[in-house]
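Residue numbers (our numbering), protein chains in the order written: chain A, 47 to 820; chain B, 4 to 291.
C-beta: ideal position from N, C-alpha, C; glycine also.
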Ligand SMILES: Cc1cc2nc3c(=O)[nH]c(=O)nc-3n(C[C@H](O)[C@H](O)[C@H](O)COP(=O)(O)OP(=O)(O)OC[C@H]3O[C@@H](n4cnc5c(N)ncnc54)[C@H](O)[C@@H]3O)c2cc1C
């Protein structure tokens with residue numbers, strides 16, 4: 047679908063960063079070398095839960111090249127606890143360790159290898175404490191506590207729910223309710239209940255965490271592969287007691303994030319190393335270390351759905367237990383989102399959801415593309431297919447009957463649905479059923495809806511220069527998703543210049559104005575709109591300047607694509623500037639500040655919907671599933687860059703394929719046993735299906751520029767469930783635990799019940815279980 | 004995975020010198036071919052060496068040739084060169100096909116057959132197939148040269164019967180007569196195979212009877228295993244053998260000390276042996 051009025055947007059122009067990246071010239075944080083830079087390496091805890099009795103650093107300071115060693119007891123003078131939601135995370139373990147792999151000491155040396163080789167000369171004495179490694183043992187009566195103290199809340203929680211006041215290992219509790227779910231289930235014609243498990247997973251980015259910090263008399267400068275530079279700045283300012291203008295976050299290209307680089311990670315520790323040594327310090331983690339830094343919240347979900355005789359959903363009830371690991375990170379918000387997103391894009395009059403984020407002695411969980419939606423879409427969409435079978439109807443028709451229409455409310459108190467999901471579903475079904483289903487194959491569809499966009503606070507500055515070139519100065523980080531190109535396109539479209547005339551400057555918090563974050567699929571919508579408004583602001587100023595120069599009323603000037611017309615003469619912007627200032631090279635600044643007001647007051651900014659279809663082939667002897675066809679719909683309002691929007695959908699769906707079929711972090715006791723890329727299986731090109739249809743729905747129904755809205759997560763969320771449903775349609779084997787490994791599928795095919803870990807009710811009272819059980 | 008610790012590389016000009024270097028540095032040294040296993044283990048800090056003796060620079064050690072009815076693959080021949088060898092493709096296609104599915108092309112380009120066998124990682128494709136091909140390896144050490152049958156080569160996971168400072172110089176595979184039908188099949192989800200199964204059947208002239216059989220299973224247990232019981236169940240008239248396949252699979256599974264691990268449960272592996280023995284049987288006899 048092409049929208050004829052556009053010259054630059056809605057076209058797949060060459061990427062702003064394309065040449066630099068394919069020629070290897072693009073600068074990432076790890077490419078940066080500062081004068082006098084030293085290197086840090088981390089000593090990590092070998093046990094999951096222990097008191098640190100002593101740390102002996104005498105020997106390590108004698109090792110060649112070693113400059114300093116930093117431990118939890120060297121942090122006097124700074125506030126070592128950070129966290130945008132809950133300030134529970136010490137930048138190095140203080141007094142005790144809470145997961146195997148937690149940094150206990152940092153060695154700073156003249157070169158990376160010397161720092162690494164010296165690590166084993168640090169002597170640490172631990173007194174082991176009983177560890178809680180799963181949600182069940184964390185919630186058990188008398189369970190060992192991870193955190194004995196209560197913490198302050200952080201400055202960027204991102205949601206209204208208060209912090210947990212319950213004692214014990216509950217990090218966050220969310221309750222959501224409308225209608226009367228209990229009554230709905232009592233009177234419903236059909237109800238179905240089940241329990242599902244979504245595994246622990248790692249958002250593999252090719253670039254592991256890396257940052258460089260330079261603490262000096264002028265303040266703190268940090269280069270980092272961070273998705274949310276301004277929130278990292280907040281954490282750093284608080285840790286070091288510095289004013290915001292003394293903390294400078296510079297984010298070069300980021301080598302992939304997928305949520306794993308959202309919020310603060312290794313920056314406070316790197317900065318503390320520089321603070322201690324007064325040298326610039328670089329800390330670069332390996333992939334294996336990155337896997338010990340963040341993961342998603344694995345989730346056990348008990349869910350039940352009820353429908354009336356006509357197949358209309360009348361109730362949904364869910365209890366979601368998230369295994370949050372040792373520190374809160376972003377899990378409180380993930381819990382809020384998981385609770386919101388379990389409902390899906392459906393009209394359900396009676397809803398009751400309880401979600402708990404629970405501390406355990408494992409790697410801390412945080413944001414992961416989809417943000418709670420993957421965890422809860424799998425159970426709900428699986429259950430809808432189960433319900434369809436119970437009702438004796440087609441799963442597509444059951445969905446169609448219950449999908450909310452555009453403008454209808456799916457969640458009391460939130461913005462009504464701003465997408466035509468029935469239309470999306472028709473697109474998927476049409477593509478999926480364009481040929482007969484081969485024998486032994488199965489197919490399925492899935493839908494999701496995520497309250498996306500986060501807080502709509504984004505600012506942008508546009509410089510219009512005396513030669514007609516333009517710079518867009520803004521804080522969105524380019525992590526491969528293409529935001530630089532999108533902003534460039536919007537500015538070129540608005541200012542009427544060739545795209546090569548637009549430069550994007552990002553991100554340096556000393557220069558670029560505030561942006562809440564790069565995440566929640568928000569940049570095109572919020573920052574895109576800020577850039578558009580900043581261009582319009584610049585144009586309004588230029589028009590006034592032209593009126594001033596031409597000694598006329600601005601109303602007499604006719605706006606044209608790249609300037610104004612007055613009395614048959616065309617004035618380009620640079621002509622106006624030259625005339626106004628009387629010197630070459632002068633420039634003006636257009637700016638825009640977006641906030642939660644006006645049409646952006648109601649959250650979410652937009653619903654990021656997902657609608658996917660898959661066809662699978664199953665080797666029923668081995669249980670191996672092969673994806674044969676994939677269909678995605680990018681319901682993005684308007685694709686500013688169609689090829690990149692499709693690329694986001696393919697990437698997202700491929701991640702869904704990984705979570706559906708392969709990926710799972712496995713703990714044996716305290717130890718993560720497959721925390722490396724040889725054993726942790728990410729999807730490969732050879733796993734992609736022979737046929738992929740990436741469709742775009744461009745209904746211009748978004749709140750972003752030109753009716754655009756965000757994408758990039760929607761096509762991930764329903765994929766794992768679609769795979770499970772397609773497996774069922776091919777074989778009648780229902781698997782309620784991901785990933786759908788050949789052995790699990792074989793187990794289901796042969797009637798071996800696939801075990802769920804720590805089944806609800808296996809150990810005493812589970813919160814809310816009585817509410818959901820019969 | 005972290006950085007590599009400091010080490011020195013030594014480049015011997017012949018096998019004798021490599022052996023000498025090994026003896027000189029003792030425990031502080033390791034032979035080093037493609038490094039795809041060795042360097043990975045060193046980066047994970049599970050192995051530490053101060054000296055690496057680079058055997059892939061030894062001239063001629065990578066040669067692939069036919070000598071007296073015997074295929075001789077030099078120890079430093081890479082998987083990729085084996086996969087692409089015209090000689091092997093025409094004379095031992097089951098071997099080149101197996102090699103073409105080892106790891107990925109980058110590992111095949113660097114990793115050597117000698118390194119694969121000497122590391123004795125339990126998930127080796129070549130090890131399993133070489134067992135049924137009746138291969139042996141040529142080794143050279145301070146005590147001179149000797150040969151070890153593949154049947155005797157593995158002592159356990161990551162353990163071989165190479166004596167200290169002995170190195171492998173070649174893998175020798177007798178060229179099978181035209182009556183042998185063979186196949187290698189594998190099942191893989193992760194980076195390394197979960198199961199590899201090799202089968203070789205010697206047929207009578209009419210093709211209706213199998214006069215000899217060799218079968219081995221790898222990856223499912225600490226070392227690849229043949230099973231005499233399974234092989235005898237696979238010897239005899241074809242219809243009987245087809246009936247015997249499930250029994251032979253059980254016998255093979257019994258010999259293999261199946262274990263539960265990250266790749267799968269022992270029960271599932273036993274099931275896979277059943278499935279893949281049948282698949283190997285069909286594949287071996289394809290077109291005959
Ligand atoms: C990602 C990945 C995937 C893989 N997938 C598969 C697979 O699907 N199937 C499979 O079969 N294998 C697989 N492998 C293993 C691969 O085949 C081996 O890594 C490779 O063949 C080892 O050879 P190398 O030359 O690199 O050995 P090196 O790493 O150099 O050496 C390995 C060991 O052998 C010793 N050694 C080397 N040469 C000699 C010699 N001539 N004499 C005595 N000792 C010697 C070394 O001292 C060392 O201990 C995989 C490996 C990786 C990294």
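Considering only DSSP beta bridges, list what residue i is partnered with.
{"i": "residue 270/A", "result": "257/A"}
{"i": "residue 35/B", "result": "57/B"}
{"i": "residue 493/A", "result": "657/A"}
{"i": "residue 204/B", "result": "184/B and 216/B"}
{"i": "residue 77/B", "result": "173/B"}
For residue i, which three-state DSSP category applies?
{"i": "residue 209/A", "result": "coil"}
{"i": "residue 286/A", "result": "helix"}
{"i": "residue 174/A", "result": "strand"}
{"i": "residue 313/A", "result": "helix"}
{"i": "residue 828/A", "result": "Residue 828/A is absent from the model: chain A starts at 47 and stops at 820."}
{"i": "residue 591/A", "result": "helix"}
{"i": "residue 764/A", "result": "coil"}
{"i": "residue 54/A", "result": "coil"}
{"i": "residue 400/A", "result": "strand"}
{"i": "residue 117/B", "result": "helix"}
{"i": "residue 6/B", "result": "coil"}
{"i": "residue 296/A", "result": "strand"}
{"i": "residue 503/A", "result": "coil"}
Measuring only from the beta carbon, is residue i closer than 7 Å to any heavy atom that is part of ligand 3?
{"i": "residue 195/B", "result": "Ligand 3 is not part of this structure, which contains only ligand 1."}
By Cβ distance below 6 Å, which residues in the same chain neighbour residue i in space, the five residues on each side in sequence not counted?
{"i": "residue 596/A", "result": "612"}
{"i": "residue 719/A", "result": "712"}
{"i": "residue 398/A", "result": "223, 227 and 363"}
{"i": "residue 88/B", "result": "67"}
Using a Cβ-Cβ cut-off of 8 Å (strictly less than) and excluding sequence neighbours within five positions of residue i, which residues of its own chain qualify?
{"i": "residue 19/B", "result": "143"}
{"i": "residue 304/A", "result": "249, 250, 251, 414, 415 and 701"}
{"i": "residue 593/A", "result": "599, 600, 602 and 603"}
{"i": "residue 72/B", "result": "177 and 178"}
{"i": "residue 17/B", "result": "61 and 62"}
{"i": "residue 7/B", "result": "42, 45 and 46"}
Taking the CB atoms as reference points, tell me whether residue i and residue j lie closer together than 8 Å.
{"i": "residue 601/A", "j": "residue 694/A", "result": "no"}
{"i": "residue 22/B", "j": "residue 197/B", "result": "no"}
{"i": "residue 762/A", "j": "residue 671/A", "result": "no"}
{"i": "residue 826/A", "j": "residue 699/A", "result": "The structure shown does not extend to residue 826/A, since chain A is modelled only from 47 through 820, so no value can be given for it."}
{"i": "residue 81/B", "j": "residue 29/B", "result": "no"}
{"i": "residue 710/A", "j": "residue 247/A", "result": "yes"}
{"i": "residue 116/A", "j": "residue 311/A", "result": "no"}
{"i": "residue 150/B", "j": "residue 140/B", "result": "yes"}
{"i": "residue 157/B", "j": "residue 222/B", "result": "no"}
{"i": "residue 520/A", "j": "residue 552/A", "result": "yes"}
{"i": "residue 288/B", "j": "residue 184/B", "result": "yes"}
Excluding the 5 residues preceding and the 5 following residue i in the sequence, name in chain order all residues of the same chain whose CB lies nearer than 7 Å to its CB.
{"i": "residue 376/A", "result": "131, 308, 309, 412 and 413"}
{"i": "residue 448/A", "result": "358, 359, 392 and 393"}
{"i": "residue 446/A", "result": "468 and 471"}
Apply the 10 Å Cβ neighbour rule to residue i and answer buried if 16 or more other Cβ atoms are within range, or exposed otherwise.
{"i": "residue 796/A", "result": "exposed"}
{"i": "residue 227/A", "result": "buried"}
{"i": "residue 591/A", "result": "buried"}
{"i": "residue 544/A", "result": "exposed"}
{"i": "residue 406/A", "result": "buried"}
{"i": "residue 111/B", "result": "buried"}
{"i": "residue 155/B", "result": "exposed"}
{"i": "residue 645/A", "result": "exposed"}
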